[in-house]
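141 is the number that our numbering gives the last residue of the sequence shown; the numbers go up by one with no jumps. See structure below.
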Amino acid sequence: MTAFCPKSSSVWKTIFSEAEVFGIDNDFHALDKEAVKDCVLLDGDSHSDEIFQNLTALLQGKQIDFLFIDSAHTYDITFKELNEWVKWVRKGGIICMHDTSTSWVDCRKALEDYLADKKDKFLKLQFENQNGFTILKKL
């Protein structure tokens, strides 16, 4: 199993202990280094071309089983992350997104616009509590 997660890498590594977990963030200094010692951490913005190239090289053609996006909360960045990262998720894989409630207008709109012509390609569960949480299963 291959998982891509930002700062929550230690949480996902605990849950998916056998998984290869990749984390991308530009602020890892606050993490418990012991908790993420078995994770691959890339320092940078998840929407930068450099990070896309670095992770492409690290994945070596492997697909992602689980993708967690906790975006920068702008429409453009959220849409770009969805457009770039979701294509790497295998069929049957899971994509989770935080901050997708109606109070996060840009994130919510980016998600809805991304899915507009792909509704038959995903099973979607959406929760409005705790700033919103969306789970997509790639069909």
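Cβ atoms here follow ideal geometry from the backbone N, Cα and C, with glycine treated the same way. Computed from a predicted structure; not experimentally measured.
Burial state of residue 134, where buried means 16 or more other Cβ atoms lie within 10 Å: Residue 134 sits at position 132 when you count from the first residue of the sequence shown. Classification of residue 134: buried, given that the 10 Å Cβ count is 16 or more.
Alpha helix (DSSP H) segment containing residue 55, residue limits: Position 53 of the sequence shown holds residue 55. Its alpha helix (DSSP H) spans residues 51–61.
Neighbour flag for residue 108 against chain B, beta carbons, 8 Å: Although the question refers to chain B, the structure presented lacks it and comprises just one protein chain.
Start-end ranges of the alpha helix (DSSP H) lying completely within the region 42–121, minimum 4 residues: 51–61, 77–87, 107–117
Beta-carbon gap between residue 109 and residue 73 smaller than 8 Å: As a working mapping, residue 109 is identified with position 107 in the sequence shown. As a working mapping, residue 73 is identified with position 71 in the sequence shown. Taking 8 Å as the Cβ cut-off, residue 109 and residue 73 qualify as a contacting pair.
Where the beta strand (DSSP E) through residue 13 begins and ends: Position 11 of the sequence shown, counting from 1, holds the residue named residue 13. From DSSP, residue 13 is part of no beta strand (DSSP E) but of the alpha helix (DSSP H) over 11–17.
Proximity below 8 Å, CB of residue 93 to CB of residue 140: On the sequence shown, residue 93 is found 91 positions in, with the first residue counted as 1. On the sequence shown, residue 140 is found 138 positions in, with the first residue counted as 1. Yes, these two residues count as a Cβ contact at 8 Å.
Contacting residues, own chain, Cβ-Cβ under 8 Å from residue 123 (five flanking each side not counted): Locating residue 123 in the sequence shown gives position 121, counting from the first residue. If we look at residue 123 and ignore the five residues flanking it on each side, its Cβ neighbours are 140, 141.
Contact check, residue 40 vs residue 28, beta carbons under 8 Å: Mapped onto the sequence shown, residue 40 falls at position 38. Mapped onto the sequence shown, residue 28 falls at position 26. Not closer than 8 Å, so no.
Check whether residue 95 and residue 119 have beta carbons under 8 Å apart: As a working mapping, residue 95 is identified with position 93 in the sequence shown. As a working mapping, residue 119 is identified with position 117 in the sequence shown. Their beta carbons are not under 8 Å apart, which means residue 95 does not touch residue 119 by this criterion.
Integer-rounded CB distance, given that residue 102 should sit under 8 Å from residue 58: Here residue 58 is taken as the residue at index 56 of the sequence shown, counted from 1. Here residue 102 is taken as the residue at index 100 of the sequence shown, counted from 1. Not confirmed; about 26 Å, so no contact.
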